[in-house]
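J.: Here's a structure for you.
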Amino acid sequence: MAEALSREQIDEHLKTLDGWTTDGRRIERLYSIPHIQGAAFIMHIAAIQNEFGHHSDATLGYKTVQVSISSSDIGGYVAEHDIELAGRIQAIASAHGAG
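Residues in the sequence shown are numbered from 41 upward in steps of one, following my numbering.
Shown next, in the form of structure tokens:
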């Protein structure tokens with residue numbers, strides 16, 4: 041079972057993830073992206089989530105995609121695999137025009 045990271049551990053990890061923030065219970069990022077490209081970005085995120093066997097919330101808005109990640113198996117807190125998922129999402133964002 042995954043273990044929840046402390047706020048300090050999360051903050052340290054987020055130094056390597058551009059634009060990601062935390063409230064201590066989840067990590068989040070709002071991407072600016074045109075609507076149609078945003079839909080494709082969410083589909084790519086979903087494919088990565090399936091690979092991980094771990095799913096986050098991704099919301100398509102007008103010119104935005106909001107991603108929020110936490111682990112339900114540890115009560116909705118952040119674990120190492122959440123950080124890894126955010127890193128994978130960040131790695132594909134620019135290819136979709138997300139900034």
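For every residue, glycine included, the Cβ atom is placed at its ideal position computed from N, Cα and C. Computed from a predicted model, the values in this text were never measured in an experiment.
#1: Does the distance from the C-beta atom of residue 109 to that of residue 66 stay below 8 Å?
#2: Determine, using beta-carbon pairs with one atom in the region 76-89 and one in the region 50-57, whether at least three such pairs fall under 8 Å.
#3: Nearest to residue 97 by alpha carbon, out of 74, 49, 68, 43?
#4: Could you spell out where the beta strand (DSSP E) holding residue 68 opens and where it closes?
#5: Please list, in chain order, all residues of the same chain as residue 78 whose beta carbon is under 6 Å from its beta carbon, the five residues on each side excluded.
#6: How about residue 44 and residue 118: are their beta carbons less than 8 Å apart?
#7: Put residue 42 into one of helix, strand or coil per three-state DSSP.
#8: Hey, residue 125 and residue 92: beta-carbon distance below 8 Å or not?
#9: In the DSSP assignment, find the beta strand (DSSP E) that holds residue 109 and state where it starts and stops.
T.: On the basis of the data shown:
#1: yes
#2: no
#3: 68
#4: 67-72
#5: 100, 105
#6: yes
#7: coil
#8: yes
#9: 104-109
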